[in-house]
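Chemist: In my numbering, the protein residues as written are 48 to 245.
Think of the CB as a built atom: it goes at the ideal place given N, C-alpha and C, for glycine as much as any other residue.
1. For residue 211 versus residue 124, is the C-beta distance shorter than 7 Å?
2. Three-state secondary structure (DSSP) at residue 238?
3. Mind checking residue 159: buried by the 16 CB within 10 Å criterion, or exposed?
4. Tell me the DSSP bridge mates of residue 187?
5. From this set, 99, 73, 169, which residue's C-alpha is nearest residue 31's C-alpha?
6. From residue 139 to residue 182, what does the alpha carbon distance come to, in whole angstroms?
7. For residue 272, write down the residues that DSSP places opposite it in a beta bridge.
8. So which of 122, 141, 121, 189 has the shortest CA-CA distance to residue 130?
9. Please return the same chain residues whose Cβ sits closer than 8 Å to the Cβ of residue 83, not counting the five positions on each side in sequence.
10. Going by DSSP, what residue range makes up the alpha helix (DSSP H) through residue 82?
11. Taking residue 55 as part of the alpha helix (DSSP H), name the residues at either end of that continuous run.
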């Protein structure tokens, strides 16, 4: 197995490229990534970070190549319609909640569905996101995720999926598919205290 990145070193290098990502969130993400790697996930050494503490009008979705220590993507991402308006405040693991889920995910298989090219997600945290696959939470493109929509004051909202701009969804999915790690952050005290990845 390739060596695990040292959180402090990774944060120092990657923060210079991802100026709009809170270094403390990035440190948590790298820590969680390392624990996921020890469980056998992510041979590609790619880490995706979503910071749901930021409003949907800001680019709060980052993809890093940890082997090359390089930022690959920084994009807008939608949250679930029942999680909140511009800034999500409520998250769920329940079916039909139409809310986003937080925590550590692994990417599963790709498929073509009603939203086009999509990527299924496997939630790794019981009680927080382990129903993600059953809920059909997937990375997909959506017309309501783009810069023009953000300028209206908020993005459209999904049914809980981390939806992206259709123009970038294929290269992102191709990059993060096959068991890579997604770290979806929100300062939820219960999750921060109970997560096995932090």
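Modeler: Checking against the coordinates, here is how it stands:
1. Using a Cβ distance threshold of 7 Å, residue 211 and residue 124 count as a contacting pair.
2. In this structure, residue 238 counts as helix in the three-state DSSP scheme.
3. Counting of Cβ neighbours within 10 angstroms places residue 159 among the exposed residues, the total staying below 16.
4. Partner(s): 210.
5. The requested residue 31 does not occur in the structure, where the chain is confined to residues 48 to 245.
6. Distance between residue 139 and residue 182, taken at the CA atoms: about 11 Å.
7. Absent from the structure is residue 272, since the part of the chain shown begins at 48 and ends at 245.
8. That would be 141, whose Cα lies nearest to the Cα of residue 130.
9. Here the set comprises 89, 151, 153, 171, 228, 244.
10. For residue 82, the uninterrupted alpha helix (DSSP H) segment begins and ends at 70-85.
11. From DSSP, the alpha helix (DSSP H) with residue 55 extends over 54-62.
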